[in-house]
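Numbering (the UniProt record's numbering), first residue to last: 108 to 407. We treat Cβ as the ideally placed atom computed from N, Cα and C, and that holds for glycine. Notes follow once the structure below has been shown.
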Amino acid sequence: LVRLRARLARSQNSLGKGLLTLLSREHLDEDTWEEIEETLLTADVGVAPTQELVDRLRERVRVLGTRTPEELKSLLREELIALLGTDFDRSVKTESDPGTPGVVMVVGVNGTGKTTTTGKLARVLVADGRSVVLGAADTFRAAAADQLQTWGERVGARTVRGPEGGDPASIAFDAVKEGIAEGADVVLIDTAGRLHTKTGLMDELGKVKRVVEKHGPLDEVLLVLDATTGQNGLVQARVFAEVVDITGIVLTKLDGTAKGGIVIAVQRELGVPVKLIGLGEGPDDLAPFEPAAFVDALIG
Ligand code: GDP
108 LVRLRARLAR
118 SQNSLGKGLL
128 TLLSREHLDE
138 DTWEEIEETL
148 LTADVGVAPT
158 QELVDRLRER
168 VRVLGTRTPE
178 ELKSLLREEL
188 IALLGTDFDR
198 SVKTESDPGT
208 PGVVMVVGVN
218 GTGKTTTTGK
228 LARVLVADGR
238 SVVLGAADTF
248 RAAAADQLQT
258 WGERVGARTV
268 RGPEGGDPAS
278 IAFDAVKEGI
288 AEGADVVLID
298 TAGRLHTKTG
308 LMDELGKVKR
318 VVEKHGPLDE
328 VLLVLDATTG
338 QNGLVQARVF
348 AEVVDITGIV
358 LTKLDGTAKG
368 GIVIAVQREL
378 GVPVKLIGLG
388 EGPDDLAPFE
398 PAAFVDALIG
């Protein structure tokens with residue numbers, strides 16, 4: 108929690124502390140509620156969830172009457188956790204078909220942290236005793252395959268790659284084939300995320316998905332979003348969700364933003380849980396997303 112708190116310091120300062128300070132005012136007048144709303148919107152919580160939270164807080168504060176700082180804090184904590192949703196299954200699925208490797212496809216716009224996330228996830232799985240094969244199907248960005256292979260060597264996972272500019276789907280196919288041949292536990296497939304034409308993206312990701320499914324079920328499709336891109340990230344998310352069935356969200360670069368509220372907005376937008384969060388560039392900087400821990404880090 109100490110580490111999470113340190114990494115989320117920017118969101119903690121503006122969102123968590125901001126809300127607590129405002130709620131602690133002796134008179135919660137209209138102006139103060141507007142400031143609370145403003146604070147939530149600035150942190151990218153999104154319009155509808157902000158309204159919901161403010162309504163809930165107003166009602167609860169009214170019922171409570173006089174309030175101690177501790178009461179306010181636990182009230183805010185409860186409401187934020189409720190807003191994040193407690194009934195999502197946030198585990199990353201890797202074993203829907205026993206006897207064959209679990210297959211996880213990682214999608215998202217280039218630069219969001221896809222390759223890094225794939226590498227970090229491999230590390231988590233290997234540390235957990237699972238054998239992992241990486242598929243370097245991002246053939247669009249020249250250095251992506253090298254970058255993934257470096258991660259693979261670092262964590263002890265074989266990387267399947269093809270010629271530069273090669274066909275992503277055939278690399279994905281080969282990676283799963285290799286995973287089966289090796290008796291690997293999990294195959295992680297890094298894909299390319301050029302967004303300039305939706306049909307191009309749709310064709311490519313659809314094809315990758317189809318060839319992977321020739322071998323068996325696709326366990327997870329993780330959408331990687333850069334938390335620092337705010338509303339823009341939501342637009343991207345929508346496009347990807349139209350192209351493939353997203354089963355989980357990875358929100359990266361939460362360490363670099365004061366807009367941690369995007370976690371709430373993006374889940375609301377896609378109806379899909381945030382499963383992992385990126386908290387830095389290092390190998391250990393990928394964490395499971397746990398609403399209670401996240402909220403605790405935000406409001407201290
Ligand atoms: P890709 O094009 O989507 O595969 O993006 P990369 O994996 O190459 O990442 C782009 C940049 O973002 C790299 O410099 C990464 O080190 C950095 N990055 C990825 N995840 C995080 C994160 O959680 N926090 C921070 N601060 N940087 C990150």
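Take residue i and list the residues in its own chain whose beta-carbon comes closer than 6 Å to its own, dropping the five residues that flank it on each side.
i    : result
V262 : A229, R230, V233
G323 : D204, T207
R301 : F247
A251 : T222, D245
R265 : V240
A276 : K314, V315, V318
E285 : V240, V267
So with Cβ pairs under 9 Å, would you call residue i a contact of chain C?
i    : result
V267 : Here chain C cannot be found, since the structure has a single protein chain.
According to the Cβ coordinates, are residue i and residue j closer than 9 Å?
i    : j    : result
S131 : K382 : no
G226 : P390 : yes
E144 : Q158 : yes
D162 : S238 : no
K366 : G385 : no
I369 : V152 : yes
P398 : D196 : no
E202 : V240 : no
L325 : K314 : no
D281 : G272 : no
Q374 : I356 : yes
R165 : L182 : no
L108 : D403 : yes
L160 : L179 : no
V294 : I278 : no
L358 : D297 : no
E349 : M309 : yes
Tell me residue i's beta-bridge partners as DSSP assigns them.
i    : result
M212 : I296, V328
T139 : None; T139 has no bridge partner.
L312 : L312 pairs with nothing; no bridge assigned.
T257 : DSSP output for T257 lists no bridge partner at all.
R265 : V240
A234 : DSSP output for A234 lists no bridge partner at all.
What residues in its chain sit with their C-beta under 8 Å from that of residue i, if we drop five residues either side in the sequence?
i    : result
G218 : D333
L405 : L115, S118, Q119, L122, G123, L187, G367
E388 : T223
Near residue i, what residues of its chain come up, given a Cβ to Cβ distance below 7 Å and the 5 sequence neighbours on each side ignored?
i    : result
T139 : L129, R132
L135 : V168
L393 : T224, K227, L228, V231, L383, G385
Take every Cβ of the region 328 to 347, pair it with every Cβ of the region 213 to 230, and state whether three or more of those distances are shorter than 8 Å.
yes
Hey, is the region 238 to 250 in contact with the region 337 to 344, meaning 3+ C-beta pairs nearer than 8 Å?
Taking a contact to require three or more Cβ pairs closer than 8 Å, the region 238 to 250 and the region 337 to 344 do not qualify as touching.
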